[in-house]
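Worksheet for the structure shown next.
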Amino acid sequence: DPLAFGRMINLAEVLPFMRHMFILDPQRQFYQALTPWGYLVLLLFVFHWRRFAANPFLVAGMLSPFYTVLNPVFTDFFLRFSWPELIWRFLYMTPTAIAAALIIYRCGQFLAERRHAAKMIYGLTVISLLTVLLFPLDSKYFYSPFSKLQTLKKVSAENDHRVWQDLYAYLGTVDKKYNVLTDPVTGYTVRALTRHIYLGAKFHTIEWGGYQEFVFKRYDLKKYADYDGWLFIINQRNGALSETGRISRHWREVQLQVNRYYPDDLLEFVKDNPAAFEEIWTRDRISIYRISIGA
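The sequence shown runs 1079 to 1373 under our numbering.
In structure tokens form, the structure reads like this:
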């Protein structure tokens, strides 16, 4: 369904005489990915066309949104092979950073030469705008929360896998390769950073991703029989809230609040069955158990 998840729009909303044709919604991910900073770079790219025209790679890259996500023929072809929630990623082909760097370099030459006042004013204005628009802005007449600055900032250890570094260090000392039962966020990182196997897809609790269910309305050891011999990682050490997730909604602000995956009745069940859940490692709200259900 081209309109699933609200990523695309019917071209008829822009051109009423068109039917059954779809493009990426210019007001959502198109705008969020490029931001006003990217729009300015595109505008300056056209203004400096003579400087860029001799470089077919930059020209092809900068024009790519118009023959990919905004091209209904391309999107129709794409949707025959993939899903509408992915098509916006073609915007990453747009080399706005490279074009901006070349434009800033040219404007810096105008300032260094000091020959023409108009060129100096233009150069200073362009450099200033390209700098200011990197920041989130909120005023009476201009609102730009989707700032490039958020993706350029250094990520703190509390906002990524480093908050569980001791877990990976311990798992690295375990010689045998284990299947791992855990929440989808911890599992996603364990699979990437250790030799052990997690079967889920990314950080989703959905069946098609191979997610292994371990929370039930009523607990019974038989429900864990398929996980006999696995490691069960109960991770209640939360990471920080995600500002990027809050702004972009590409993931949730609470994505690293992993304790939400482990209800109290599950913790009590594991504690009450030490023979089935043998604790082999624990540190600062993270515990690893070896599951031994038996015949």
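Every residue gets a Cβ at the ideal spot worked out from N, C-alpha and C, and that includes glycine.
Note that the structure is a prediction, hence the values are computed from the model and not measured.
Once you ignore the five residues that flank residue 1152 on each side, which residues in its own chain have a CB closer than 8 Å to its CB? Once the five neighbours on either side are set aside, the close Cβ partners of residue 1152 are 1145 and 1146.
Quick one: grab the DSSP three-state call for residue 1237. In the structure shown, residue 1237 sits in a helix (DSSP, three-state: H, G or I).
Which residues DSSP lists as bridging residue 1368, in chain order: The partner list for residue 1368 (beta bridge, DSSP) reads 1309 and 1356.
Between residue 1366 and residue 1311, how many whole angstroms is the CB-CB distance? I'm expecting something under 8 Å. The Cβ separation is near 5 Å, so the contact holds.
Cβ separation of residue 1299 and residue 1288, assumed to be a contact under 8 Å, to the nearest whole Å: Contact between residue 1299 and residue 1288 fails: their C-beta atoms lie close to 23 Å from each other, not under 8 Å.
Please go through the same chain and pick out, in chain order, the residues whose beta-carbon is closer than 8 Å to the beta-carbon of residue 1213, but skip the five residues on each side of it. Hits under 8 Å: 1225 and 1227.
Under DSSP, the alpha helix (DSSP H) around residue 1140 begins and ends at which residues? Bounds of the alpha helix (DSSP H) holding residue 1140 are 1134-1140.
For residue 1200 and residue 1176, I'd like the C-alpha separation in whole angstroms. Answer to the nearest angstrom: the Cα atoms are 20 Å apart.
Would DSSP call residue 1281 helix, strand or coil? The answer is coil: DSSP assigns residue 1281 none of H, G, I, E or B.
Report the rounded CA-to-CA distance for residue 1092 versus residue 1086, giving the unit in angstroms. Straight-line Cα distance between these residues: approximately 12 Å.
Measuring straight from C-alpha to C-alpha, what distance separates residue 1318 and residue 1339? Their Cα atoms are separated by approximately 16 Å.
Buried or exposed, going by whether 16 or more other CB atoms sit within 10 Å of the CB of residue 1172? The residue in question, residue 1172, is buried, as its Cβ has 16 or more Cβ neighbours within 10 Å.
For residue 1240, which option in 1334, 1354 and 1104 has the closest C-alpha, if you only look at C-alpha atoms? If we check each option's Cα against that of residue 1240, 1334 comes out closest.
Using 8 Å for Cβ pairs, my map puts residue 1314 next to residue 1363. What's the rounded Cβ distance? Sure, about 4 Å apart at Cβ, within 8 Å.
Buried or exposed for residue 1302, going by 16 or more other Cβ atoms inside 10 Å? Around the beta carbon of residue 1302, 16 or more other beta carbons lie within 10 angstroms, which makes this residue buried.
I need the DSSP call for residue 1086, collapsed to helix, strand or coil. When secondary structure is reduced to three states using DSSP, residue 1086 falls in the strand class.
Hey, is the segment 1111-1120 in contact with the segment 1192-1212, meaning 3+ C-beta pairs nearer than 8 Å? In short, these stretches touch, since the Cβ pair count reaches three.
Given a cut-off of 9 Å on the beta-carbon distance, is the pair residue 1183 and residue 1359 in contact? No.
The beta strand (DSSP E) enclosing residue 1101, as first and last residue numbers: Residues 1100-1102.
Among 1336, 1306, 1251 and 1337, whose alpha-carbon lies nearest the alpha-carbon of residue 1353? It is 1306.
I'd like to check one pair, residue 1154 with residue 1099: are the Cβ atoms closer than 9 Å? Going by C-beta atoms, residue 1099 is nearer than 9 Å to residue 1154.
Please state the DSSP three-state secondary structure of residue 1225. Coil, per DSSP.
Boundaries of the alpha helix (DSSP H) in which residue 1326 is found, first to last residue: Per DSSP, the continuous alpha helix (DSSP H) segment holding residue 1326 begins and ends at 1321-1326.
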